[in-house]
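In the numbering used here, each number is its position in the sequence shown, counted from 1, plus 5.
Just so you know, even glycine gets a beta-carbon here, dropped at the ideal spot from N, CA and C.
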Amino acid sequence: MCYFYIQFYSKAFMPRSSVKHLVLKTSYKNLSVPIFIGRGITSQISSLLALKSYSRIAILTDKNINKHWGKTLQKIFGKNDILITIPAGEEQKNLATVQNIWATMLQYKLDKKSLLICIGGGVVCDIGGFVSSTYMRGIPFVQVPTTLLAQTDAAIGGKTGVNFAGLKNMIGTFAQPLTIISDIQFLKTLPKREYISGFAEVIKHALIADSALFKQLSEKDFTKLRDKELESILYKSCQIKCNIVAADPDEKNKRKILNFGHTLGHAIEMTSYETGNPLLHGEAVAIGMIGEAKLSQLAGMLNDKEFESIEKLVAKVKFPVKVSKKLKEKILEKILLDKKNEKQKIKWVLLNGIGKAAIDIEQPSKLINQAIDYILQ
């Protein structure tokens with residue numbers, strides 16, 4: 006079961022902003038992860054966490070965050086805390102980067118009572134969680150996601166990992182952070198393309214679990230959202246993911262619906278890195294959602310009007326909707342190695358209508374090829 010608490014702090018505690026507070030809670034291992042959502046709340050981290058109870062604190066971030074927010078972070082955390090900065094980009098999400106972080110943690114003598122605070126997008130959140138869950142067999146960590154994609158998806162749920170052998174997130178663990186602090190102020194320094202990319206996961210959450218949110222998103226211009234509108238959308242999206250993860254923390258059943266758009270999306274994303282013109286994760290997932298919605302339509306699960314409304318929303322957000330037909334064979338190769346597959350059979354997450362998803366769906370090769378051909382140009 007997942008419980009949600011909304012808490013508004015006084016202006017004395019949180020000037021210029023209120024904080025929305027979710028709690029992801031399950032009976033599994035007594036899991037309870039508070040999620041704070043608001044503007045300018047990173048500066049209040051010492052009020053949200055008992056930082057003095059840890060032997061050492063290390064901050065993991067990337068060069069882009071350090072460039073825009075380095076001085077601010079130094080004021081928040083102080084000179085005695087360790088700053089570990091990695092290069093930015095999906096291509097850094099590998100075991101070599103992990104080894105460098107482990108080496109730095111050893112160099113500064115981080116022990117079992119140390120805390121790692123991960124401040125960055127999906128790459129930093131995924132790597133930071135993996136590093137924390139494996140260093141000395143596990144130390145506590147905190148997620149401070151700085152992109153919309155990470156705030157609505159990557160930081161929540163306890164999936165960690167790195168890419169391996171040209172495949173997305175092939176090496177990883179399940180490990181829950183102590184807390185998640187989603188500060189929308191970080192979004193102000195994101196390039197427009199990176200900001201828009203995050204809405205792919207928001208749209209996905211609506212498609213698999215909330216038709217009302219899908220309708221709301223269809224009526225919005227994502228480039229002109231006010232802070233309160235953005236907080237509200239982020240909060241609803243996080244609620245959906247919390248509810249799903251709470252029911253199935255280790256992805257044995259229901260949680261698989263969060264992979265909608267990702268069987269194709271991950272294959273497209275990793276293939277794009279081999280072309281020298283890489284897509285962002287959200288862009289690849291957007292194309293993946295079109296392809297998997299098309300497969301749902303071809304399978305008779307999604308009607309024509311619903312499919313058209315999905316296409317219309319993705320096009321309105323100005324996501325890419327096609328990939329080169331030259332990449333088809335490589336995309337198919339990576340789909341066949343997808344983590345969800347069983348006995349070399351592709352297990353799809355498909356839509357039974359907007360707001361309803363079904364897991365472990367097998368489809369004949371003919372329909373799969375038709376759906377993939379639909380997103381090729």
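By how many angstroms is the C-alpha of residue 374 removed from the C-alpha of residue 183?
-> Here residue 183 refers to the residue found at position 178 when the sequence shown is read from its first residue. Here residue 374 refers to the residue found at position 369 when the sequence shown is read from its first residue. One C-alpha to the other measures close to 43 Å.
CB-CB length for residue 345 against residue 290, believed under 8 Å = Your numbering for residue 345 matches position 340 in the sequence shown. Your numbering for residue 290 matches position 285 in the sequence shown. Actually they do not touch by this definition, with Cβ atoms about 15 Å apart.
Which class does residue 136 belong to by DSSP, given the choice of helix, strand or coil?
-> Along the sequence shown, read from residue 1 onward, the residue named residue 136 stands at position 131. Residue state, collapsed to three classes: helix.
From 156, 246, 198 and 277, residue whose alpha carbon lies closest to that of residue 334 | For the purposes of this step, residue 334 is identified with residue 329 of the sequence shown, where counting begins at 1. Among 156, 246, 198 and 277, the Cα nearest to that of residue 334 is on 277.
Pair within 7 Å by beta-carbon distance, residue 118 and residue 60 | As a position in the sequence shown, residue 118 is number 113, starting the count at 1. As a position in the sequence shown, residue 60 is number 55, starting the count at 1. A contact, by the Cβ cut-off of 7 Å.
According to the Cβ coordinates, are residue 384 and residue 181 closer than 7 Å?
-> Since the first and last residues shown for the chain are 6 and 382, residue 384 lies out of range.
Is the Cβ-Cβ distance between residue 154 and residue 266 less than 7 Å?
-> Residue numbering aside, residue 154 sits at position 149 when the sequence shown is read from its first letter. Residue numbering aside, residue 266 sits at position 261 when the sequence shown is read from its first letter. Result no, Cβ atoms of residue 154 and residue 266 do not sit closer than 7 Å.
Any chance you could list the alpha helix (DSSP H) runs of at least 4 consecutive residues sitting entirely within the stretch 158 to 219, in chain order?
-> 197 to 202 and 204 to 214
Is residue 297 helix, strand or coil by DSSP?
-> Position 292 of the sequence shown, counted from the first residue, corresponds to residue 297. Of the three classes helix, strand and coil, the one that applies to residue 297 here is helix, per DSSP.
Residue 365 versus 353, 75, 114 and 325, residue with shortest Cα-Cα distance = Here residue 365 corresponds to residue number 360 of the sequence shown, with the count starting at 1. Ranking 353, 75, 114 and 325 by Cα distance to residue 365 puts 353 first.
C-alpha gap between residue 295 and residue 315, whole angstroms | For the purposes of this step, residue 295 is identified with residue 290 of the sequence shown, where counting begins at 1. For the purposes of this step, residue 315 is identified with residue 310 of the sequence shown, where counting begins at 1. Approximately 7 Å, taken between the alpha carbons.
Can you find a heavy atom of the ligand NAD that lies under 6 Å from the Cβ of residue 176?
-> Absence of the ligand NAD is noted for the structure shown, with no ligands found whatsoever.
Skipping 5 residues on each side, what residues in its chain have a beta carbon closer than 8 Å to that of residue 99?
-> Along the sequence shown, read from residue 1 onward, the residue named residue 99 stands at position 94. 167, 168 and 169.
Note the first and the last residue of the continuous alpha helix (DSSP H) segment covering residue 366.
-> Locating residue 366 in the sequence shown gives position 361, counting from the first residue. Premise fails: residue 366 lies in the beta strand (DSSP E), 362 to 366, not in any alpha helix (DSSP H).
Hey, quick one: how far does the alpha helix (DSSP H) through residue 43 stretch, first residue to last?
-> On the sequence shown, position 38 is the one that residue 43 refers to. Careful: residue 43 lies outside any alpha helix (DSSP H), inside the beta strand (DSSP E) at 37 to 43.
For the beta strand (DSSP E) containing residue 354, list its first residue and its last residue.
-> Here the question's residue 354 lines up with position 349 in the sequence shown. Unbroken beta strand (DSSP E) run through residue 354: 353 to 356.
Roughly how many angstroms separate the alpha carbons of residue 272 and residue 58, rounded to a whole number?
-> Here the question's residue 272 lines up with position 267 in the sequence shown. Here the question's residue 58 lines up with position 53 in the sequence shown. Going from the Cα of residue 272 to the Cα of residue 58 covers about 43 Å.
Delimiting residues of the beta strand (DSSP E) encompassing residue 120 = The residue labelled residue 120 in the question sits at position 115 within the sequence shown. Per DSSP, the continuous beta strand (DSSP E) segment holding residue 120 begins and ends at 120 to 125.
Looking at C-alpha atoms only, which residue of 78, 187, 144 and 90 is the closest neighbour of residue 65?
-> The sequence position of residue 65 within the sequence shown is 60, counting from 1. Selected option, being the one with the closest Cα: 90.
Taking the DSSP output, what are the residues bridged to residue 350?
-> As a working note, residue 350 is residue 345 in the sequence shown. According to DSSP, which records beta bridges pairwise, residue 350 is partnered with 347.
Give the secondary structure of residue 19 by DSSP, where H, G and I count as helix, E and B as strand, and everything else as coil.
-> As a position in the sequence shown, residue 19 is number 14, starting the count at 1. Because residue 19 sits at a pLDDT of 40, beneath the cut-off of 50, its placement in the model cannot be relied upon, and the point is left open.
Whole-angstrom distance between residue 202 and residue 231, CA atom to CA atom | Locating residue 231 in the sequence shown gives position 226, where the first residue counts as 1. Locating residue 202 in the sequence shown gives position 197, where the first residue counts as 1. The alpha-carbon separation between residue 231 and residue 202 amounts to approximately 18 Å.
Simplified DSSP assignment, three categories, for residue 322 = Walking along the sequence shown from the start, residue 322 turns up at place 317. Coil at residue 322, not helix or strand.
How long is the line joining the alpha carbons of residue 321 and residue 211, rounded to whole angstroms?
-> Numbered from 1 along the sequence shown, position 316 holds the residue referred to as residue 321. Numbered from 1 along the sequence shown, position 206 holds the residue referred to as residue 211. Approximately 16 Å between the Cα atoms of the pair.
Thinking residue 381 and residue 244 are a contact (beta carbons under 8 Å), I'd like their distance in whole angstroms, please.
-> Numbered from 1 along the sequence shown, position 376 holds the residue referred to as residue 381. Numbered from 1 along the sequence shown, position 239 holds the residue referred to as residue 244. Taking C-beta atoms under 8 Å as the contact rule, residue 381 and residue 244 fail to qualify, at a distance of about 35 Å.
What residues are listed by DSSP as bridge partners for residue 382?
-> For the purposes of this step, residue 382 is identified with residue 377 of the sequence shown, where counting begins at 1. None, per the DSSP bridge assignment.
Cβ shell of residue 125 (< 6 Å), same chain only, five flanking positions each side left out | Locating residue 125 in the sequence shown gives position 120, where the first residue counts as 1. For residue 125, where only same-chain residues beyond five positions count, the Cβ hits under 6 Å are 66, 67, 70 and 151.
Quick one, are the C-beta atoms of residue 127 and residue 159 less than 7 Å apart?
-> Position 122 of the sequence shown holds residue 127. Position 154 of the sequence shown holds residue 159. Yes, the pair counts as a contact, with Cβ atoms nearer than the cut-off.
Could you pull the start and end residues of the beta strand (DSSP E) that residue 63 belongs to?
-> As a first step, residue 63 must be located in the sequence shown, where it is residue number 58. Looking at the DSSP string, the run of the beta strand (DSSP E) that includes residue 63 is 62 to 67.
Go to residue 149, then tell me how far its beta strand (DSSP E) extends in each direction, as first and last residue.
-> For the purposes of this step, residue 149 is taken as residue 144 along the sequence shown, with counting starting at 1. Element bounds for residue 149: 146 to 150.
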